[in-house]
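Everything below concerns the one structure shown next.
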Amino acid sequence: MQTRYQKNREKVAVDTLVSLSQGTMNFRLNLNEYSENERNEGRTMIARKYCRDKLNAYDKSMSDLV
61 MQTRYQKNRE
71 KVAVDTLVSL
81 SQGTMNFRLN
91 LNEYSENERN
101 EGRTMIARKY
111 CRDKLNAYDK
121 SMSDLV
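Quick note: the sequence shown uses my numbering, first residue 61, plus one each step.
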């Protein structure tokens, strides 16, 4: 279960990645084929996956001794 702090950090990370991706994705893909809503959904999905992967990398299980 995520804490409120983790959820807030994930939201900030998603917002940051979405804002960064808006400037760089236009050069990599022909985005004219997609609507603005589809582009934003794709950026959000990529940012969420990245954030989940990062959080999972730092989320370690506690040992039995603790």
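Cβ coordinates follow ideal geometry from the N, Cα and C atoms, glycine included.
Item to check | Between the CA atoms of N100 and R69 - distance to the nearest angstrom | outcome: 20 Å
Next on the checklist: Excluding the 5 residues flanking C111 on each side, which residues of the same chain have their C-beta closer than 7 Å to its C-beta?
Outcome noted: E70, A73, V74
Item to check | V78 to E98 span [Cα, whole Å] | outcome: 13 Å
Next on the checklist: So, with DSSP's three-state summary, where would you put M105?
Outcome noted: helix
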